[in-house]
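Undergrad: Please read through the structure below; I'll follow up with questions.
Here is the structure:
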């Protein structure tokens, strides 16, 4: 009788690649008419344990002859040989399994068609499937060589191993450090490259569930091992370049829209009413009426774009000397401030926390420096009667949106200019104001924002979790940013909520002065984003408050 194994679209096994040993001989299998079903069933049971990845699984089939008696014995042996596989998946559903199917006939156990070994989706072990489809794991032979040649009395005394990585694809070596952590880590990295080449990345992390600190000071450390293709970010794809270009064009449009909105006092009344009055009815106005204002809106648009580009240049200038690669920036448009900023990813594993802090802080510092220069120069030009023709009138309530910027404006322009319904200011004030507000939002200590990365580098991921919850609460209550808090909170939740991945040296301290600089920066961020309440605004003369 001929027997064939049908190929499944989900799983295929290749006996030649798995290199499975032959099954043990039995009395029944030595019969002249025995089919090869026992061999197939045994190989299928072992194949699940031996196959590491799906690309190693292929279809195999066999043909053989024999009578009804041999076919029956072969099916019984296949069921007996599949018992080890059933022990591995005792908790999963066994509604479908590797079995021999036969069509109905007059005599039970006798098939008029060739039996097929079939695989049912209900038989999938989820854990095993994730292991097969998941990232490549560390080679056990390499782990054995690393334990023998890298660790020892003079470096790191290994006591146990645990899974490491998001899916347990790596190995975490736990033990006792036998020297200064930075020196030992550098030595182990050098020896690992000599032993395995560029195959793996070695991480120094805090020991999980440690009962105390290291006797030499600081936390107890462990070493994690991951393959490079698993731990390192992938290259920028063509589609990412296309998306980045489209987002930049949209950001240019939103910045021009911001410049047009700054001319609100001179815009056609029907357009102002349509966009500002929620009770406005009737057909939408003709948007071609805004075309004459595009040219006058370009200075504000150019200023906002220049600030964000300068922000990104700061990141790249800080990353270049440290050999850290960055992705292209993905500018996110915002029709209130021109832009949310840009999402820039690390395309290299960061060597330590100091590097994470320095690169993360460089962008906001550069953008804030240019923004404040524009803002302050614009205030000086606003108080100069010579350039009165270049000024634009904006509602005085604009200056109540920031405690710090409102006080600076009040001190520069004076009480009489600020305590009015509208204030005449230079376009540079608007560009600088938007740039400072955007830089302050990006310095919030949450998620993967620049402030979140800097906090993770200075104080660790545990501190980032606590500060992140506080930031989300303040944004949700409108304490930070006022009416801008909702869109910024949604932006962080959608695009920037995930913390940055750990550094290679994720233990060494970033330094006292970096922590002090971050604390001072967060203090300025809070002063910038807290709006002026009506009582204080009326007392200081910032804007015209008609009621409390």
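Numbering (the UniProt record's numbering), first residue to last: 1 to 548. The C-beta atom is built at its ideal place from N, Cα and C for all residues, glycine as well. Nothing here was measured: the structure is a model prediction, and the numbers come from that model.
If you count every other CB in all the chains shown that lies within 10 Å of the CB of residue 533, and 16 or more means buried, which is it?
TA: With fewer than 16 other Cβ atoms within 10 Å, it is exposed.
Undergrad: Taking the straight line between their C-alpha atoms, what separation do you get for residue 430 and residue 143?
TA: Rounded to the nearest angstrom, the two C-alpha atoms are 59 Å apart.
Undergrad: Within the segment 145–231, note down every full beta strand (DSSP E) run reaching 3 residues or more, in order along the chain.
TA: Fully enclosed beta strand (DSSP E) runs of 3 or longer: 156–164, 170–177, 200–206, 221–227.
Undergrad: Quick check: the segment 397–409 against the segment 454–468, are at least 3 beta-carbon pairs closer than 8 Å?
TA: Output reads no: the segment 397–409 does not touch the segment 454–468.
Undergrad: If you drop the 5 nearest sequence neighbours on each side, which residues of the same chain put their C-beta closer than 6 Å to that of residue 279?
TA: Hits under 6 Å: none found.
Undergrad: Going by the CB atoms, is the gap between residue 492 and residue 455 shorter than 8 Å?
TA: No, these two residues do not count as a Cβ contact at 8 Å.
Undergrad: Is DSSP giving residue 343 helix, strand or coil here?
TA: In the structure shown, residue 343 sits in a strand (DSSP, three-state: E or B).
Undergrad: Got a sec? Which residues, its chain only, sit under 7 Å from residue 196 by beta carbon, not counting five neighbours each side?
TA: So the list reads 142, once near-sequence residues are dropped.
Undergrad: Secondary structure at residue 498, three-state DSSP: helix, strand or coil?
TA: Reduced to three states, the DSSP call for residue 498 is coil.
Undergrad: For a quick check, are the C-beta atoms of residue 174 and residue 231 less than 8 Å apart?
TA: No, these two residues do not count as a Cβ contact at 8 Å.
Undergrad: Which residue marks the beginning of the beta strand (DSSP E) containing residue 395, and which one marks its end?
TA: Residue 395 -> beta strand (DSSP E) spans 392–395.
Undergrad: Could you spell out the range, first to last residue, of the beta strand (DSSP E) harbouring residue 442?
TA: No beta strand (DSSP E) holds residue 442; the alpha helix (DSSP H) holding it covers 427–442.
Undergrad: Taking a contact to mean a Cβ-Cβ separation below 8 Å, would you say residue 453 touches residue 356 in this structure?
TA: It is a contact, given that the beta carbons lie within the stated cut-off.
Undergrad: So does the segment 498–506 actually touch the segment 411–429, counting three or more Cβ pairs closer than 8 Å?
TA: In short, these stretches do not touch, since the Cβ pair count stays below three.
Undergrad: Assuming residue 357 is part of the alpha helix (DSSP H), what are its boundary residues?
TA: Looking at the DSSP string, the run of the alpha helix (DSSP H) that includes residue 357 is 353–382.
Undergrad: Locate the beta strand (DSSP E) running through residue 408, then write down its first and last residues.
TA: Not the beta strand (DSSP E): residue 408 falls in the alpha helix (DSSP H), residues 403–413.
Undergrad: Out of 284, 390, 235, 371, point me to the one whose CA is closest to residue 297's CA.
TA: Nearest of 284, 390, 235, 371 to residue 297, Cα basis: 390.
Undergrad: Are residue 543 and residue 396 touching if we call contact CB-CB under 8 Å?
TA: Contact: yes.
Undergrad: Please identify the residue among 270, 487, 294 whose C-alpha is closest to the C-alpha of residue 283.
TA: When each option's Cα is compared against that of residue 283, the closest is 270.
Undergrad: With DSSP run on the structure shown, which of helix, strand or coil describes residue 256?
TA: Residue 256: helix per DSSP, three-state reduction.
Undergrad: Ignore the nearest five residues each way along the sequence and tell me which others in residue 259's own chain have a CB closer than 6 Å to its CB.
TA: Contacts found: 297, 300, 301.
Undergrad: To the nearest angstrom, how far is the alpha carbon of residue 350 from that of residue 224?
TA: Whole-angstrom Cα-Cα distance: 15 Å.
Undergrad: Assign residue 78 to one of three DSSP states: helix, strand, or coil.
TA: Since pLDDT at residue 78 reaches only 47, below the 50 mark, its modelled position is unreliable, and the value read off the structure follows with that caveat. Note: residue 78 maps to helix in three-state DSSP.
Undergrad: Near residue 24, what residues of its chain come up, given a Cβ to Cβ distance below 6 Å and the 5 sequence neighbours on each side ignored?
TA: Residue placement at residue 24 is poorly supported in this model, since its pLDDT is 48, which falls under 50; the coordinates still yield a value, given next. There are no such residues.
Undergrad: Residue range of the beta strand (DSSP E) that residue 330 falls in?
TA: Per DSSP, residue 330 belongs to the beta strand (DSSP E) from 330–334.
Undergrad: Count the other C-beta atoms from every protein chain shown that fall within 10 angstroms of the C-beta of residue 476, then say buried if there are 16 or more, exposed otherwise.
TA: Answer is exposed; the Cβ neighbour count stays below 16.
Undergrad: Alpha carbons only, please: which of 250, 251, 294, 360 is nearest the one belonging to residue 266?
TA: The shortest Cα separation from residue 266 among 250, 251, 294, 360 belongs to 294.
Undergrad: Between residue 447 and residue 374, is the Cβ-Cβ spacing less than 8 Å?
TA: Cβ distance not < 8 Å, so residue 447 and residue 374 don't count as in contact.
Undergrad: Compute the Euclidean distance between the alpha carbons of residue 471 and residue 172, then round it to the nearest angstrom.
TA: The straight-line gap from Cα to Cα measures roughly 33 Å.
Undergrad: Applying the 10 Å Cβ sphere with the 16-neighbour rule, what's the burial state of residue 427?
TA: Classification of residue 427: buried, given that the 10 Å Cβ count is 16 or more.
Undergrad: By the DSSP assignment, the alpha helix (DSSP H) with residue 525 in it spans what residues?
TA: Residues 512–529.
Undergrad: Would you mind stating whether residue 158 and residue 151 have Cβ atoms separated by less than 8 Å?
TA: Contact flag set, yes.
Undergrad: Residues in the same chain with beta-carbon distance under 7 Å from residue 344, minus the five sequence neighbours each way, listed in chain order, please.
TA: Same-chain partners within the cutoff: 312, 315, 326, 327, 329.
Undergrad: Using alpha carbons as the reference points, say which of 179, 482, 498, 439 lies closest to residue 522.
TA: Of the listed residues, the one whose Cα sits closest to residue 522 is 439.
Undergrad: Under 8 Å by Cβ, that's how I've got residue 364 and residue 252 pegged, so tell me the actual separation to the nearest angstrom.
TA: Contact flag wrong, Cβ pair sits at about 22 Å.
Undergrad: Report buried or exposed for residue 49, applying the criterion of at least 16 other Cβ atoms within 10 angstroms of its Cβ.
TA: Note that residue 49 scores 42 on pLDDT, short of 50, meaning its location in the model is unreliable and no value can be drawn from it.
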